[in-house]
Amino acid sequence: MVDTTDDWIRQRTGIRERHIVDPGVATSDLGKEAAAKAIARAGITPDDIGLIIVGTVTPDMMFPSTACLIQHKIGARHAWGFDLSAACSAFTYALTTASQMVATGAHDYALVVGADVMSSIIDYRDRATCVLFGDGAGAVVISAAAADEGAILDFEHEIDGGGGAALCMPAGGSLRPPSHDTIDERLHYVKQDGHTVFKFAVS
């Protein structure tokens, strides 16, 4: 669909394949599967989960949150939760947030899900983005560590909103609500200045 080759993609990105969901599969569907596996591996039940944080930029819908949808799908009857939108950083931000809630003693178990159906917001006419993004989900259960176990010791995060224009989805929010013009201009897809993003990421 675009002027590129497998060799070009591999040499510049290291990406060999991307996974794309079947039609009708949503972010919460992927998140549910990942969450169920994480809970089973932790040896607990959904009822033990007190908090669910979902890192995503492709929620099923604006509201209710994907966390609410996953909570219902896995039957976590005692959990509250929310979505955290931070693009590539979302899973690490969610992990930090959940670990702080467990560290305070507010919850014994928190569920962190990172999930996106990026194919829903990728323009497959745009070589700068379509070769990079795919669909997937992962999840972890956070609990207090015993004295002899490995643990999260600290975190260091930083944001720089000054580079926002280099990687964004221009329309669909309060600044540019959906309209015939935004759709015709294909502004509901990810837009990226690859050179600028690459330089920032490497530095």
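Everything in the sequence shown is counted per this note's numbering, starting at 1 for the first residue and increasing by one. Idealized CB from N, CA, C, for every residue including glycine. Computed from a predicted structure; not experimentally measured.
| Check | Outcome |
| --- | --- |
| Thinking just about the alpha-carbon of each residue, which of D135, H107, E17 and I122 is nearest to the one in S28? | D135 |
| Could you check where the beta strand (DSSP E) with S143 kicks off and where it finishes? | D135 to S143 |
| Assess, as a yes-or-no matter, whether the stretch 105-115 is touched by the stretch 126-143 under the definition of 3 or more beta carbon pairs within less than 8 Å. | yes |
| Taking all protein chains shown into account, do 16 or more other C-beta atoms lie within 10 angstroms of the C-beta of K32, making it buried, or fewer, making it exposed? | buried |
| Suppose you measure from the CA of R18 to the CA of S85; what does that come to, to the nearest Å? | 22 Å |
| Examine the ligand ADP and report whether any of its heavy atoms sits within less than 7 Å of the Cβ of D48. | This structure simply doesn't include the ligand ADP, nor any ligand for that matter. |
| Output needed for C176: all residues of its chain with C-beta closer than 8 Å, excluding positions within five of it in sequence on either side, in chain order. | One detail in the question is off: residue 176 reads as Arg in this sequence, not Cys. Cβ neighbours of R176 beyond the five flanking positions: P170, T182 and L187. |
| For A90 versus V117, is the C-beta spacing smaller than 8 Å? | no |
| Near I122, what residues of its chain come up, given a Cβ to Cβ distance below 8 Å and the 5 sequence neighbours on each side ignored? | T129, C130, F133, Y189 and V190 |
| What does a CB cutoff of less than 8 Å around P178 pick up in its chain, not counting 5 residues either side in sequence? | A171, G172 and H188 |
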